[in-house]
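Numbering (UniProt numbering), first residue to last: 1 to 672. Where is the CB? At the ideal position from N, CA and C, for every residue including glycine. Beneath this line is the structure, given in structure tokens, with notes to follow.
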Ligand SMILES: Nc1nc2c(c(=O)[nH]1)N[C@H]1C(S)=C(S)[C@@H](COP(=O)(O)OP(=O)(O)OC[C@H]3O[C@@H](n4cnc5c(N)ncnc54)[C@H](O)[C@@H]3O)O[C@H]1N2
Ligand code: MOO
Ligand SMILES: [Mg+2]
């Protein structure tokens, strides 16, 4: 559909600092980006004018009057000077220029920002028309600008079209808005009656409009593809917001008792564990040597007993006994091994190095007498009972994870624990969708044109299992509502978390989102994320019939790299959180890039190999290749990190070699 000529826009940065050094102006370029990015703006804008001026009354007035009266711009956005500081004079100088105020827009700016932070109350926006130019003042901070633009973008085209009197375009925008907003009626009311009537008389669009009304957010599953909304009705949210939404829905799936074994690795304790036994449970020698009475001092003594630490049956030699307590008499000594039991009565152990053999028994089998060369003190070289850990001591707290390092298992084993209560790990189902998708074992014939091999399922099964979770292989389902619905329904009975790939974008057979919402009673928490790859990544929850724990659905994009990256970024932290892991988020480190990297219009998760530079000891990262297309799985080969690249901005289109960039570590740094 033709959208008419672009709206002409002027952007003014009002800031003493930016005026002195334009490099400090972040918000002006950001606003330009937002308005010219096809991702965020449904209709095209054309930036005709940009300026940076000081916080100065006459500069503000002159600039805006010139742009309205001589340039006839459709929209002027000012950023900066809306706060409480003395130099903040933007709204005070704009207000007198307005011929009609637009309190609704001002209210929208304030109310949407207040949802983010109470400090929004410290901004003083004004908005309104001067003749036919809409003028809006925005705060100076880029973050606040972006938040305000998120709120404004859905209504701006509508507002500007109304002023231009573009009835057709108003109708189109209306359809888009109706499909994306639960408050359709208020949008209807915003359309002048005459234009509203006009929409309903236009029979081709009438049907479309009706469909939008039946389905509050997304397309009706019966709507032919040609008549569907041409822009995704799901707002594109930042990655951080997506993570936050996932965090607020990922709950523990209960507890389970498990025997103490290495199967516990990756599980989190759901109870405090107390030692069942003291360690050591007897007085144990710290060294190999002779148990003595310290008071006896150096001299030659008969060896009356041998106490081994090793588990062995008592031998024929009646001196050797590891079980029966032995009472050592003054003037005698007993041979003990490290960890061996110190005989009753003995109060110190002397190392074998501090002794000398004097006499053997008959047949030279045993030591008969040994000379103690050094004097010792009471308690020397003996670990008293319970000196490592007393029976009843708290040894592992709730929330402790059984690490791959093994320490926790070792401790519990040593204090007599045989089973523990842990948080259950979620079971994860993995389902591929797509008419074109063929199982990798299908080798009876070559792939037909249009068919592809199901690589996503194998990748995700491996990733889920390697991360320590149970993966349920749910196979491949075709893109038909009557196949998808029962398949997903059944899958949800089996698993706590369902991962699907494919069918979440704008294509003819992309049914996943409407199906989840309309047939499976799912709540879609987000349906698009501002990232590359992974834009159409979708997160939903469905109620659980058996308990109040919701099931999570991650409907990942079909493109293999998009599916893999969104799995690591969104699904894995959720699985960890559901397992009660206390720091479920991904590890992010600064890495030095070994070459220039070009920036994209979307925040990009660029696949890299992270390694330690053996000379500097610092982490460095090398791209897995320039071609980072979402379909090109080869960009995942050897990748153990995702560089978190910012969007390109005016004048900044790349990051130079040697710069530090935040990088999400996948698996371990020493991944092989
Ligand atoms: N008009 C638009 N088109 C697309 C948009 C958009 O915003 N507007 N977004 C693009 C982006 S970004 C992505 S990512 C993809 C997402 O596509 P879907 O999730 O709908 O996935 P499909 O259409 O089913 O498949 C996409 C692609 O991936 C291949 N695929 C699917 N399943 C598998 C599998 N199991 N193993 C390997 N490869 C698989 C499939 O054959 C397609 O080539 O949409 C863009 N389009
Ligand atoms: O986001 Mo899509 O994942 O670019 O290909
Ligand atoms: Mg698709």
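Asked: Would you call the region 275 to 294 in contact with the region 447 to 462, where contact means no fewer than 3 C-beta pairs closer than 8 Å?; Found: no
Asked: What residue from 606, 613, 601 has the CA that sits closest to residue 625's CA?; Found: 606
Asked: Would you tell me roughly how many angstroms separate the C-alpha atoms of residue 406 and residue 593, rounded to the nearest one?; Found: 34 Å
Asked: How about residue 647 and residue 601: are their beta carbons less than 8 Å apart?; Found: yes
Asked: If you check the beta carbons only, do residue 79 and residue 145 fall under 8 Å apart?; Found: yes
Asked: What's the gap between the Cα of residue 40 and the Cα of residue 527?; Found: Unreliable placement is indicated for residue 40, whose pLDDT of 49 sits below 50; the coordinate value is still reported in the next sentence. Residue 40 and residue 527: Cα-Cα distance of roughly 14 Å.
Asked: May I ask you to report which of helix, strand or coil DSSP gives residue 457?; Found: helix
Asked: Just checking residue 535 against ligand 1 - is the residue's beta carbon closer than 7 Å to any of the ligand's heavy atoms?; Found: yes
Asked: Using the DSSP secondary-structure output, state which residues sit across from residue 682 in a beta bridge.; Found: Residue 682 falls outside the range modelled here, since the chain spans only 1 to 672, and no answer is possible.
Asked: Any heavy atom of ligand 3 closer than 7 Å to the beta-carbon of residue 454?; Found: no
Asked: For a minimum of 3 consecutive residues, which ranges assigned as the beta strand (DSSP E) are wholly contained in the region 530 to 574?; Found: 538 to 542, 551 to 556
Asked: What residue range does the beta strand (DSSP E) around residue 470 cover?; Found: 470 to 477
Asked: Looking only at its chain, what residues have a beta carbon closer than 6 Å to the beta carbon of residue 180, apart from the 5 residues adjacent to it on each side?; Found: Any reading at residue 180 must be qualified, since the residue scores a pLDDT of 46, below 50, and its modelled position is unreliable; the value itself is stated next. Around residue 180: 233.
Asked: Please name the residue in 493, 583, 562 whose C-alpha comes closest to that of residue 549.; Found: 493
Asked: Going by C-alpha to C-alpha distance, which of 507, 508, 512, 506 sits closest to residue 498?; Found: 512
Asked: Which one or two residues does DSSP pair with residue 354 in a beta bridge?; Found: According to DSSP, residue 354 bridges with nothing at all.
Asked: If you run the structure through DSSP and keep just helix, strand and coil, what is residue 668?; Found: coil
Asked: Taking 7 Å as the line, does the beta carbon of residue 557 fall inside it for any heavy atom of ligand 2?; Found: yes
Asked: Quick one: is residue 147 buried, meaning 16 or more other Cβ sit within 10 Å of its Cβ, or exposed?; Found: buried
Asked: What do you get for residue 113, buried or exposed, if any count of 16 or more other CB atoms within 10 angstroms of its CB means buried?; Found: buried
Asked: For ligand 1, any of its heavy atoms closer than 7 Å to the Cβ of residue 517?; Found: no
Asked: Going by C-alpha to C-alpha distance, which of 338, 354, 643, 510 sits closest to residue 557?; Found: 510
Asked: Out of curiosity, what's the CA-to-CA distance linking residue 212 and residue 649?; Found: Only weak support exists for where residue 212 lies, its pLDDT of 35 falling under 50; the value from the coordinates is given anyway. Computed Cα separation, rounded: 36 Å.
Asked: Is residue 436 near ligand 1, judged by its Cβ being under 7 Å from some heavy atom?; Found: yes
Asked: Buried or exposed for residue 5, going by 16 or more other Cβ atoms inside 10 Å?; Found: exposed
Asked: Who sits around ligand 3, taking every residue whose Cβ is closer than 5 Å to one of its heavy atoms?; Found: 505, 507, 510
Asked: I believe residue 515 touches residue 553 by the beta-carbon criterion, under 8 Å. Please report the beta-carbon distance rounded to the nearest angstrom.; Found: Contact doesn't hold; Cβ gap of about 11 Å is too wide.
Asked: Roughly how many angstroms lie between the CA atoms of residue 667 and residue 81, to the nearest whole one?; Found: 46 Å
Asked: Does the Cβ-Cβ distance between residue 14 and residue 60 come in under 8 Å?; Found: yes
Asked: Starting from the C-beta of residue 325, find all residues in its chain whose C-beta is less than 8 Å away, skip the five residues before and the five after it, and write them out in chain order.; Found: 341, 343, 344
Asked: Leaving out five residues before and five after residue 29 in sequence, what residues of the same chain have Cβ atoms less than 7 Å from its Cβ?; Found: 649, 650
Asked: Locate the beta strand (DSSP E) running through residue 620, then write down its first and last residues.; Found: 619 to 623
Asked: The alpha helix (DSSP H) that contains residue 494, what's its start and end?; Found: 481 to 494
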